Amino acid sequence: MPRVNLPQLSGKVFLSAAGKLFALAIVFGLIYAQSPLYTSNQNQYFLHGLAKAGFGYLERDWLANTLDPTPVFSLLVMWTYRVFNTGILFFGYYALLLAAYLFSLVGISRCLFDLRGGQKTLIYLTLLLVIHSAALRFTLSRTLGEEWTYLLEGGVAGQRVLGEVFQPSTFGIFLVVSIYLFLKNHRILALLAAAIAASVHPTYLLSAGLLVLAYLVLVYREERSLVKALAVGLIAFVLVLPILVYVYTSFDSSGVEVASSAQRILVRYRIPHHAQVAEWLNTTTFLQVAIILAGIWLVRHTKMLPIMSIPLLLGVFLTILQVITQNNALALLFPWRISVILVPLATSILLAYCVSCITEKYRSTWEKYQKLSLVLGLAVCAALMAAGTIRFQLELRYQALADERGLFSYINHTKTPSDVYLVPTKMQEFRLATGAPIFVDFKAIPYQDKEVLEWSRRMQLVTRFYNEEKAACGLLAKFHQKEGVTQVVMETDGKELDCIYLKEIFQDDNYRVFEFTK
0 MPRVNLPQLS
10 GKVFLSAAGK
20 LFALAIVFGL
30 IYAQSPLYTS
40 NQNQYFLHGL
50 AKAGFGYLER
60 DWLANTLDPT
70 PVFSLLVMWT
80 YRVFNTGILF
90 FGYYALLLAA
100 YLFSLVGISR
110 CLFDLRGGQK
120 TLIYLTLLLV
130 IHSAALRFTL
140 SRTLGEEWTY
150 LLEGGVAGQR
160 VLGEVFQPST
170 FGIFLVVSIY
180 LFLKNHRILA
190 LLAAAIAASV
200 HPTYLLSAGL
210 LVLAYLVLVY
220 REERSLVKAL
230 AVGLIAFVLV
240 LPILVYVYTS
250 FDSSGVEVAS
260 SAQRILVRYR
270 IPHHAQVAEW
280 LNTTTFLQVA
290 IILAGIWLVR
300 HTKMLPIMSI
310 PLLLGVFLTI
320 LQVITQNNAL
330 ALLFPWRISV
340 ILVPLATSIL
350 LAYCVSCITE
360 KYRSTWEKYQ
370 KLSLVLGLAV
380 CAALMAAGTI
390 RFQLELRYQA
400 LADERGLFSY
410 INHTKTPSDV
420 YLVPTKMQEF
430 RLATGAPIFV
440 DFKAIPYQDK
450 EVLEWSRRMQ
460 LVTRFYNEEK
470 AACGLLAKFH
480 QKEGVTQVVM
490 ETDGKELDCI
500 YLKEIFQDDN
510 YRVFEFTK
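Per numbering that gives the first Met the number 0: the sequence shown = residues 0 to 517.
If you want it as structure tokens, here you go:
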């Protein structure tokens with residue numbers, strides 16, 4: 000059977016390790032810098048959980064009643080908000096995950112290179128923090144362009160494990176944890192970590208599967224036992240079986256034609272920046288591939304070779320197959336998503352190699368300036384923490400001064416259980432900022448095929464209404480009578496709504512709200 004090898008920790012050792020992890024969470028959390036709640040993808044992935052927790056009247060929202068693509072994450076959101084009635088803990092969850100990520104990267108590098116001694120580890124850790132800092136992301140985006148922002152820590156196709164918000168994809172960190180645990184011969188725990196990533200965000204099922212395949216190869220090579228290798232695969236399958244059953248039974252196709260139409264909408268219209276290679280293939284992609292290849296070359300004589308090369312080769316093969324066949328179902332499996340762990344792994348390997356070689360080559364000089372290097376390292380970390388804090392404060396200020404603040408405040412205080420708002424399709428923050436249901440928006444989408452078609456129908460109706468130069472009173476009447484819309488949000492300087500059954504109930508410099516009178 001695969002080895003478990005659970006570490007035996009005394010009380011003092013455990014408390015010391017927990018204290019270090021907590022400190023690392025605070026430091027890395029400030030350096031990386033999260034965005035305020037609720038930002039970007041959080042407007043999609045927090046909806047189901049908050050609706051079930053009784054946040055406003057979101058339980059009446061159409062999208063909140065569609066099939067949940069990330070039920071485990073929604074359960075976490077629901078219980079957190081239901082028990083504590085605040086979202087502040089979500090920042091803490093992410094900080095702890097960041098600490099686990101950094102701890103695992105450092106652990107992997109120490110398994111591969113000579114980073115013994117506190118000074119080497121500190122220098123390496125400092126460089127790793129620089130690579131993952133909000134300050135570096137800001138510098139790269141402003142000097143080279145937005146597509147360069149996550150060059151050293153993100154994957155291709157705009158996908159990444161880390162990011163500025165806590166969301167299901169963040170749990171891809173457990174894939175990195177899994178690799179570290181496997182290198183330390185904690186095989187069962189490694190499989191469990193990979194299963195956690197796939198269970199929280201089912202999009203990681205393929206990436207986790209590729210990793211497990213690499214583990215099988217290593218187990219067979221080390222043990223020379225096909226039975227033991229297959230046992231590892233069987234355990235991994237059992238661990239992900241619940242989420243596999245959920246995905247298969249909940250998102251089973253409603254028919255070839257319906258499924259094909261839904262996939263086409265997602266790939267061509269909603270997420271082409273993630274799903275179409277032609278949309279995301281650019282200079283940074285080739286640089287990231289070069290980083291991965293360089294990392295693989297440096298670990299070619301270690302267990303990391305199959306762990307990195309097998310997922311890479313299979314990911315590239317499936318990507319090429321998707322490009323040739325233009326298969327939308329394969330595109331939505333995101334075979335290139337394995338890059339979200341390969342890029343940061345390779346980056347950390349390159350850094351560790353450089354630190355190990357330089358400190359060894361210039362040992363006497365290094366020892367002479369030990370105290371200076373320590374002071375510089377701490378100063379850099381302090382500066383990065385300050386930069387991350389400033390970034391968060393600036394985002395808070397931007398959020399407070401956003402054009403929609405007055406509108407959101409009004410609706411937050413006046414909403415009723417029967418309200419359904421028609422809003423501009425780009426107003427993605429509306430639901431979680433107000434707790435009020437809306438008809439549809441562009442950002443938050445369902446994934447079950449019939450529900451995708453319904454989302455598309457709603458989007459077409461709303462886009463048609465807001466794009467017309469003159470108010471379409473007949474179309475508005477249908478929104479009210481057939482779709483259940485009760486209020487309409489318009490830009491103040493937009494077209495006039497001169498419909499006899501509408502009454503203006505709110506206006507500021509940016510938006511107006513109209514209510515149906517009958």
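Cβ coordinates follow ideal geometry from the N, Cα and C atoms, glycine included. Since this is a predicted model, take the numbers as computed values, not measurements.
Cβ neighbours of residue 448 within its own chain (closer than 7 Å, five residues either side excluded): 252, 253, 257, 258, 261. A buried status is given to residue 26, since no fewer than 16 other beta-carbon atoms sit within 10 Å of its beta-carbon. The beta-carbon separation of residue 333 and residue 273, rounded to 7 Å, stays under the 8 Å limit for a contact.
By the criterion of at least three beta-carbon pairs nearer than 8 Å, the region 483-496 is in contact with the region 416-423.
When secondary structure is reduced to three states using DSSP, residue 109 falls in the helix class. Within the region 318-385, the complete alpha helix (DSSP H) runs of at least 4 residues fall at 327-330, 338-360, 362-367. As the crow flies, the alpha-carbon of residue 288 is around 31 Å from that of residue 72.
Pairing residue 426 with residue 394 gives a Cβ-Cβ distance that is not under 8 Å. Residue 107 has its alpha-carbon roughly 11 Å from the corresponding atom of residue 298.
As DSSP reads the structure, residue 421 sits in a beta bridge with 487.
Look at residue 403 here: in three-state DSSP terms it is coil, with no helix or strand label.
When only Cα atoms are considered, residue 64 and residue 445 end up about 10 Å apart. Residue state for residue 511 is assigned as strand, using DSSP reduced to three classes. In this structure, the beta-carbon distance from residue 169 to residue 93 falls below 8 Å. Taking all protein chains in view, the Cβ of residue 312 is surrounded by fewer than 16 other Cβ atoms within 10 Å, so the residue is classified as exposed. Closest in alpha carbon position to residue 331, among 266, 248, 349, 359, is 266. Residue pairing by DSSP places residue 437 opposite 420 in a beta bridge. Take residue 81, set aside five residues on each side of it, and the residues of its chain with a beta-carbon closer than 6 Å to its own are 52, in chain order. For residue 505, the enclosing beta strand (DSSP E) covers residues 501-506.
Taking a cut-off of 8 Å for Cβ pairs, the region 340-360 and the region 141-159 touch, as three or more such pairs fall below it.
As the crow flies, the alpha-carbon of residue 242 is around 6 Å from that of residue 198.
For the options 100, 405, 58, the alpha carbon positioned closest to that of residue 505 is the one of 405. Here DSSP, grouped into helix, strand and coil, assigns residue 495 to coil. In this structure, the beta-carbon distance from residue 213 to residue 219 does not fall below 8 Å. Each of 15, 38, 40, 123 was checked against the Cα of residue 375, and the nearest Cα belongs to 123. Residue 255 counts as exposed, since fewer than 16 other beta carbons sit within 10 angstroms of its beta carbon.
For residue 213, the uninterrupted alpha helix (DSSP H) run begins and ends at 204-222, by DSSP.
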